[in-house]
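Each remark here refers to the structure printed beneath this line.
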Amino acid sequence: MSLIADEIIQFSSVLRMAYNLLAGRTYLKRKKLREKEKLVAVTLPFSDLAFAAKTIPVFPIRMHQFEINQYLTYLGSASSIFGWNNVSSFLGFIKNLGIKEISKIVDEIIEDVIEVINLKYNEMYDIGIENGISSDFCYGLKSLVGMHVSKGSNVDACLNVTIRCSAYNKYLESLKAINQGPKQIWVDIPPRNIGNAIELLTDNIANALNEFEKLTGKNVTDNDLREHFKIGNQVKRAYKNIIYDISASDFYPCNPATFSEIMALLSITFQDYNSNAIRYRDNIVSLEKEMRERIRKGIGMDVSNMPRIFVTPMFGGWEPKSHEILYELGGRALYADWELLKLLEEIPTSNHLNPAEEYARFLMNATETGIGCDNDKLTDSYLRMAKNLNADGLIFFQLFGCHSISNCYTMLREKVRRELEIPTTAITFNKIGENVEQVKTRLGAFMEMFK
Amino acid sequence: MDDLSLLSDFSQFIKEKKLEGVRIVAYLAHDNIPEELFDAADFFPLRLMFGGNDDLMDASHNFLPPSTCAFAQSCIGLFSTKPNEFQFLDKIDYFIVSNHCVSDVCVSEIISKNFNISRLNFYVPYTKNENSLKYFKLELQDLRSKLEDIIGAKISDEKLLKSINKYNQFKKSLLKINELEISGSEKLRVIQKAMLYGPEFLPELDTIIQNFKHNPPSISEISKDVLFTGCSIFINDNMVDLIEEGGGNIVFFDTWIGNHYYSQILDDETIKTDQDPLDLLVLKFENNIYGDHSVPNFLEHKIGLIEKFYQEYKEKKGKKLGVINHIIKFCDHISLMSSFLKDRLQEKGIQVLNLERDYSRANRGQLSTRIEAYLEMM
Chain C
365 MSLIADEIIQ FSSVLRMAYN LLAGRTYLKR KKLREKEKLV AVTLPFSDLA
415 FAAKTIPVFP IRMHQFEINQ YLTYLGSASS IFGWNNVSSF LGFIKNLGIK
465 EISKIVDEII EDVIEVINLK YNEMYDIGIE NGISSDFCYG LKSLVGMHVS
515 KGSNVDACLN VTIRCSAYNK YLESLKAINQ GPKQIWVDIP PRNIGNAIEL
565 LTDNIANALN EFEKLTGKNV TDNDLREHFK IGNQVKRAYK NIIYDISASD
615 FYPCNPATFS EIMALLSITF QDYNSNAIRY RDNIVSLEKE MRERIRKGIG
665 MDVSNMPRIF VTPMFGGWEP KSHEILYELG GRALYADWEL LKLLEEIPTS
715 NHLNPAEEYA RFLMNATETG IGCDNDKLTD SYLRMAKNLN ADGLIFFQLF
765 GCHSISNCYT MLREKVRREL EIPTTAITFN KIGENVEQVK TRLGAFMEMF
815 K
Chain A
3 MDDLSLLSDF SQFIKEKKLE GVRIVAYLAH DNIPEELFDA ADFFPLRLMF
53 GGNDDLMDAS HNFLPPSTCA FAQSCIGLFS TKPNEFQFLD KIDYFIVSNH
103 CVSDVCVSEI ISKNFNISRL NFYVPYTKNE NSLKYFKLEL QDLRSKLEDI
153 IGAKISDEKL LKSINKYNQF KKSLLKINEL EISGSEKLRV IQKAMLYGPE
203 FLPELDTIIQ NFKHNPPSIS EISKDVLFTG CSIFINDNMV DLIEEGGGNI
253 VFFDTWIGNH YYSQILDDET IKTDQDPLDL LVLKFENNIY GDHSVPNFLE
303 HKIGLIEKFY QEYKEKKGKK LGVINHIIKF CDHISLMSSF LKDRLQEKGI
353 QVLNLERDYS RANRGQLSTR IEAYLEMM
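Shown next, in the form of structure tokens:
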């Protein structure tokens with residue numbers, strides 16, 4: 365992993381994001397107890413309404429205490445005095461002097477961030493099973509149940525957005541059985557855009573906002589929605605630029621394994637923007653800038669001879685060692701789940717438009733053409749993404765117990781063979797770290813095809 | 003009548019329907035499909051309500067991973083292996099792709115695509131509120147218009163109303179099955195046959211019910227009564243036999259193939275009003291509160307129903323009633339809620355057996371042991 369850490373030191377924005385992810389508990393406690401803000405549990409990137417309603421969205425795992433590397437804690441503390449940029453520059457300066465101990469410390473920090481998150485995910489998975497969810501469900505659901513069992517009572521509300529996955533929808537229903545305290549706020553997305561479905565969804569959104577108003581005692585205006593959507597759009601723009609302009613290009617600002625690591629971090633943190641949209645926007649915008657700056661200066665790595673391997677889906681659970689293994693095998697892993705599912709589309713914010721309706725269009729578009737109301741549509745999304753990334757190969761993580769997405773692999777393989785003519789393979793996944801050797805073998809065989 | 007002869011007769015029935023020029027529309031057997039609309043369009047609605055076995059499940063693995071609901075796997079298996087007694091599946095003209103659960107979507111899509119059966123969409127909203135009822139009506143309008151395109155004619159309100167009435171009367175008769183003091187296996191056979199054939203079975207159904215009323219068969223005095231909830235027992239499945247062999251007797255089927263279907267009754271006054279017949283179908287959907295598709299109140303409704311039935315039974319019979327929650331392996335809806343259902347009912351003093359299984363033969367011994375142990379404990 366040290367090869368990854370060596371690079372990340374150059375991206376202070378990544379350190380910031382990692383710190384904000386892991387130090388969430390302190391931040392959230394302050395918000396809830398001192399500032400009397402309302403915490404709202406969110407899953408998948410559906411935090412917009414919670415932000416617009418001036419509540420604090422939180423992906424529940426972040427309420428846990430993480431064992432943060434002590435040096436990252438020091439960096440966090442130092443940053444509050446000197447600012448993150450100065451801290452990062454200082455580290456970079458020391459590192460360039462060749463002080464090995466410092467390099468080692470930074471290596472440890474990044475390694476710890478990733479390890480700590482994965483360990484916590486696995487811990488949540490175990491808690492989920494101990495508390496009654498059948499082991500037959502996917503990694504994501506088991507972990508989510510674990511998160512709510514362990515920390516769900518701390519939130520004031522749960523924002524529940526229905527999607528095509530029936531297990532997920534039932535999990536949402538089960539939240540009130542897990543913790544009776546939090547208010548349950550629902551947004552039901554109609555399965556298809558027929559008739560006046562957009563109007564109905566707009567009304568569902570308005571009803572959800574009413575529930576938020578009851579929760580906070582504050583009005584949510586159109587302007588509140590627009591202001592948040594503007595921030596969200598900036599986040600999405602930067603995220604998309606990183607996906608298309610940088611991850612699909614032939615020159616990376618760092619080595620490909622580092623790059624994938626950053627993309628994985630983005631994928632996790634995008635769900636709740638680390639509970640602070642403006643801070644997150646600033647970080648991701650500066651991340652894009654930092655990357656471009658390095659590329660402009662020719663700092664980084666020529667990856668033109670490394671096959672682009674689109675690895676997906678990863679949001680419900682995947683083996684995080686994959687990108688490292690692929691890198692060692694001469695490839696580079698591209699992650700772009702949220703874009704594939706059309707959750708990085710911008711939401712129009714003109715004053716003459718009804719923002720709730722625009723949000724309804726955004727959700728409906730994701731449902732119809734991204735996530736898809738059937739596997740034909742969903743597999744088209746994979747194809748579109750693979751084409752847009754100019755992928756040379758596709759690796760599909762088939763989650764044990766996933767009945768929504770994993771079930772589409774047979775259809776996807778057929779379509780990839782027919783329309784893209786690139787190699788594809790499926791890797792089964794149950795739990796992080798459970799069968800790394802098997803993943804290695806499968807990826808090894810897969811990468812042989814590029815030699 | 004055993005399952006083989008039922009299927010053989012049904013094959014003949016479908017053959018005759020086809021000869022009459024009737025189109026066959028099939029779907030996974032869930033409880034929100036508006037069969038009245040198909041009937042009004044002169045289609046025969048064929049619900050796939052057949053249990054599986056190892057061969058059928060194995061045959062689906064070219065299309066789906068083994069960690070898919072065993073019923074869904076078996077449905078694909080039926081199309082890819084076409085066992086002799088299921089030759090009538092060749093006669094299907096249309097397949098409904100619906101979203102009772104995501105496996106419903108996947109399996110229906112796979113069947114339609116790979117076995118060259120034209121597809122019709124019918125999606126159901128997840129919640130039940132004013133807007134979702136409006137959405138349900140949009141789906142009904144869309145389906146009606148697709149059916150009209152196929153038949154090249156309008157489906158008149160009168161005809162639709164007639165079909166709604168026909169199904170309503172049929173369900174009213176079927177509901178009487180709950181009151182009969184007959185064994186669970188006999189009840190189930192009648193329910194299964196009725197739901198397979200639809201209202202055309204009504205005269206026979208009425209006769210059967212009358213016969214049972216006048217000449218009630220004897221039920222073992224020592225059998226222990228249970229309420230059966232969760233996933234349905236489909237045709238060709240031996241679950242009811244396992245329960246009876248273990249000393250149990252199912253007195254109430256709280257499943258798709260059972261109360262979920264025939265409790266969706268509208269009162270005659272409502273049907274007589276001048277309202278849009280589609281609104282009646284919406285009302286029926288709204289009233290179907292025990293189905294497992296909807297969120298977020300499925301669990302409350304389910305617990306309410308079971309508790310009410312349990313208390314009434316205890317008062318009437320003076321003994322305890324068992325609850326078997328049948329979970330077909332990898333069923334999203336029933337499996338995810340099973341531990342909550344059990345905990346909540348047990349808090350109320352109602353003993354629950356969460357019985358999870360797939361359709362493999364190897365399970366039989368283990369299932370029997372679990373059922374026997376549970377019934378003994380009662």
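So the sequence lines, in the order shown, correspond to chains C and A. Heads up, the first sequence is in my numbering, so the first residue is 365 and it goes up one at a time. Heads up, the second sequence is in my numbering, so the first residue is 3 and it goes up one at a time. Where a beta carbon is used, it is the ideal one built from N, C-alpha and C, also for glycine.
Going by C-alpha distance, which of the options is nearest residue i?
i	options	result
R601 (chain C)	C:N571, C:F760 and C:L708	C:L708
E111 (chain A)	A:C77, A:P127, A:F138 and A:K136	A:C77
S639 (chain C)	C:V378, C:S376, C:E401 and C:L379	C:E401
C233 (chain A)	A:I119, A:G324, A:F117 and A:M51	A:M51
C618 (chain C)	C:N482, C:G664 and C:L397	C:G664
Y96 (chain A)	A:K84, A:N123 and A:G79	A:N123
Y199 (chain A)	A:D4, A:S13 and A:L6	A:S13
D4 (chain A)	A:S100, A:K19 and A:N240	A:N240
F255 (chain A)	A:E188, A:Q143 and A:D144	A:E188
D208 (chain A)	A:G54, A:L182 and A:L176	A:L176
L6 (chain A)	A:L338, A:N238 and A:R366	A:N238
T713 (chain C)	C:F793, C:D588 and C:N543	C:D588
N356 (chain A)	A:L343, A:P205 and A:L163	A:L343
L523 (chain C)	C:N597, C:G559 and C:K547	C:K547
D270 (chain A)	A:L282, A:K20 and A:F300	A:L282
Using the beta-carbon of each residue, which ones in chain A are nearer than 8 Å to residue i?
i	result
Q357 (chain C)	Lying outside 365 to 815, the shown extent of chain C, residue 357 (chain C) is not represented and no answer is given.
G765 (chain C)	S69 and F332
L536 (chain C)	V297 and P298
K355 (chain C)	Nothing in the structure corresponds to residue 355 (chain C), since chain C is present only between 365 and 815.
I497 (chain C)	L338 and S341
Determine the chain C residues that contact residue i at a beta-carbon separation under 7 Å, and present them in chain order.
i	result
V325 (chain A)	Going along chain C, no residue has its Cβ under 7 Å from V325 (chain A), so there is no contact; the nearest lies around 17 Å.
K136 (chain A)	L564
Y128 (chain A)	T526, N533 and D552
Y125 (chain A)	P555, R556 and C737
If you count every other CB in all the chains shown that lies within 10 Å of the CB of residue i, and 16 or more means buried, which is it?
i	result
T275 (chain A)	exposed
R660 (chain C)	exposed
S514 (chain C)	buried
A809 (chain C)	exposed
K578 (chain C)	exposed
L397 (chain C)	exposed
Q212 (chain A)	exposed
K484 (chain C)	buried
S668 (chain C)	exposed
E732 (chain C)	buried
I336 (chain A)	buried
Q348 (chain A)	exposed
Q266 (chain A)	buried
For residue i, go through chain A and note every residue whose CB falls closer than 7 Å to its CB, in chain order.
i	result
D738 (chain C)	V99, V107 and E111
A730 (chain C)	Going along chain A, no residue has its Cβ under 7 Å from A730 (chain C), so there is no contact; the nearest lies around 16 Å.
If the criterion is Cβ atoms closer than 8 Å, does the pair residue i and residue j meet it?
i	j	result
H262 (chain A)	D56 (chain A)	no
Y691 (chain C)	P620 (chain C)	yes
N384 (chain C)	Y128 (chain A)	no
G324 (chain A)	K226 (chain A)	yes
N118 (chain A)	F65 (chain A)	no
V406 (chain C)	D636 (chain C)	yes
I791 (chain C)	P677 (chain C)	no
T83 (chain A)	S105 (chain A)	no
E402 (chain A)	Y169 (chain A)	As displayed, chain A neither begins before 3 nor continues past 380, which places residue 402 (chain A) out of reach and without an answer.
K322 (chain A)	M380 (chain A)	yes
Which chain C residues are close to residue i, counting only those with a beta carbon under 8 Å from its beta carbon?
i	result
V24 (chain A)	Neighbours of V24 (chain A) on chain C: none; closest Cβ ~27 Å, over 8 Å.
Residue i touches chain A at which residues, Cβ-Cβ below 9 Å?
i	result
P424 (chain C)	The premise fails here: P424 (chain C) is roughly 18 Å from chain A at the closest Cβ pair, so nothing lies under 9 Å.
Below 7 Å, is the gap between the Cβ of residue i and the nearest heavy atom of the ligand GTP?
i	result
F287 (chain A)	Among the components of this structure there are no ligands whatsoever, and the ligand GTP is therefore not found.
Under 8 Å between C-beta atoms, does residue i make it to chain D?
i	result
N715 (chain C)	In the displayed structure, chain D is absent; the protein chains listed are C and A.
Which ranges does the alpha helix (DSSP H) cover as unbroken runs of at least 4 residues, wholly within the region 295-337 of chain A, from first to last along the chain? 300-319
Enumerated in chain order, which unbroken segments of the beta strand (DSSP E) with a length of 3 residues or greater are wholly contained in the region 388-418 of chain C? 403-405
Would you mind listing the beta strand (DSSP E) stretches within the region 10-36 of chain A that are 3+ residues and don't spill past its ends, in chain order? 25-30
Ordered list of beta strand (DSSP E) runs contained in the region 227-266 of chain A, each at least 3 residues: 250-256
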